[in-house]
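Report on the structure given below.
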Amino acid sequence: TVRLRSETVEEYLLRINIVSIAAPLVPPNFTPLFDQPALTRSFRAAFWQAATQMSDPDSWVLRFLRARKWDVDQALGMIRKTLAWRVGQAIDEVAYFGESKLHYHTMYTGLAFACTTDRLGCPVYVVRVRANVANNRSILAIKRFLCWQLETSQLLAAASDGRVTLLFDMSDITRENIDLDLVRVLISLLSSYFPETLGIMILFTTSWFFMGLWTVIAPFIDPVVKSKIVMVRSTREITPYIDLDQLPIELGGKKPFNYNYIQPTSEENVCMADAAARQAAEREHPS
């Protein structure tokens, strides 16, 4: 139980001798953009890190303008707040180390993964609520996991203007799968720090237990996020949003897909150790 709560992917692979301390999954010498540590980072460095790490600057700024209904002052205030949060939470470091520092059990069981697209071309992340057991990991571990998922989702969402669809599969859930802390963290991230990332959130459930819980949760959800949530009780009710051919078989669709966690290797991150090439790219970056 202790290992389930704390063991990262890299710690697990070290324990079973898949990787070694001499050859870690990711080079350990993380250096922030422009070689500026968090405590002395300039607004410029924080902005370029956030706006270019997984997206492009124009699209990134546009999301904040949309979120604040084109009020430039409010959008700039939201950007400043987001940059301060990203620096404080070391989001660039979360992205750098990737899955190597994420909770192994969460990755292995497939709590959330992208496997298809909806009718608008947005990537669909399936969230299997039955795989979530709060006692198996800390809230910090799930927060890091969610930040990593939302950050890297932009690599898949370029064609959909940065928007993703979240499909929560509530089948076979029990009380131990209901995690209000996870819900609060996710809503906070979407409304405050990843604006205009959520296209729609589909809650697929036939559970009367969840329906009762929803009446308690709903009043505390940000109105903008809440307006993007739809509740469905059958596969047929999902099809207006996701084509049956694109819906995984486990959700009643026709797409064959089985989640299988492929463990990372040291060799796949060799290029990250090329400090000279990175420094050259930073020198050529616009100021």
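Position 15 of the sequence shown, counted from 1, bears residue number 15 in full-length UniProt numbering, the numbering being contiguous throughout. Note that CB positions come from ideal geometry on N, CA and C, so glycine has one too.
Residue i, enclosing alpha helix (DSSP H) - first and last residue
i              : result
threonine 82   : 72-88
proline 57     : 57-67
proline 223    : 223-226
threonine 215  : 208-217
methionine 107 : 104-109
valine 9       : 9-15
cysteine 147   : 139-152
Environment of residue i [buried if 16+ CB atoms lie within 10 Å]
i                : result
proline 248      : buried
histidine 103    : buried
proline 223      : exposed
glutamine 149    : buried
histidine 285    : exposed
glutamate 93     : exposed
tryptophan 60    : buried
arginine 86      : buried
glutamine 279    : exposed
lysine 101       : buried
serine 55        : buried
asparagine 17    : exposed
phenylalanine 47 : buried
asparagine 132   : buried
glutamate 267    : exposed
isoleucine 173   : buried
DSSP three-state assignment for residue i, whether helix, strand or coil
i              : result
aspartate 169  : strand
cysteine 122   : coil
glutamate 255  : Rather than glutamate, the amino acid found at residue 255 in this sequence is lysine. Lysine 255: strand per DSSP, three-state reduction.
proline 264    : coil
isoleucine 242 : coil
valine 164     : strand
Anticipated Cβ contact below 8 Å, residue i with residue j, distance rounded
i              : j              : result
arginine 119   : aspartate 243  : 6 Å
aspartate 169  : arginine 233   : Their Cβ separation, rounded to whole angstroms, is 12 Å, which puts aspartate 169 and arginine 233 out of contact at 8 Å.
valine 164     : threonine 215  : Not a contact, Cβ separation roughly 26 Å.
valine 72      : methionine 272 : No, valine 72 and methionine 272 are not in contact; Cβ-Cβ is about 37 Å, not under 8 Å.
methionine 231 : leucine 203    : 5 Å
proline 264    : arginine 63    : Actually they do not touch by this definition, with Cβ atoms about 30 Å apart.
leucine 213    : isoleucine 178 : 6 Å
leucine 167    : valine 225     : Wrong, their Cβ atoms sit about 15 Å apart, outside the cutoff.
leucine 33     : glutamine 49   : 4 Å
isoleucine 91  : glutamate 151  : 6 Å
Selection from the options that minimises the alpha carbon distance to residue i
i                 : options                        : result
phenylalanine 209 : Ser171, Ile139, Thr235, Val183 : Ser171
lysine 254        : Cys115, Ala45, Val224          : Cys115
leucine 140       : Glu282, Arg278, Thr8           : Thr8
tyrosine 96       : Val126, Arg63, Arg144          : Arg144
alanine 134       : Tyr125, Glu176, Leu155         : Glu176
threonine 106     : Thr152, Pro219, Ser138, Ala218 : Ser138
threonine 117     : Tyr241, Leu182, Arg283         : Tyr241
alanine 276       : Thr31, Glu11, Pro24            : Thr31
valine 270        : Pro28, Thr235, Leu14, Tyr108   : Pro28
threonine 52      : Thr206, Thr109, Ala159, Gln154 : Gln154
tyrosine 261      : Asp181, Phe113, Ala90, Ile229  : Phe113
glycine 88        : Arg41, Ile229, Ala157, Ile217  : Arg41
tyrosine 12       : Phe43, Ala84, Tyr108, Lys81    : Tyr108
glycine 121       : Ala158, Leu180, Leu83          : Ala158
leucine 156       : Met78, Ser6, Val124            : Val124
Endpoints, beta strand (DSSP E) assigned at residue i
i              : result
isoleucine 200 : 198-204
alanine 114    : 112-117
valine 183     : No beta strand (DSSP E) contains valine 183, which is instead part of the alpha helix (DSSP H) from 180-188.
valine 129     : Per DSSP, valine 129 belongs to no beta strand (DSSP E) and is neither H nor E.
isoleucine 229 : 229-232
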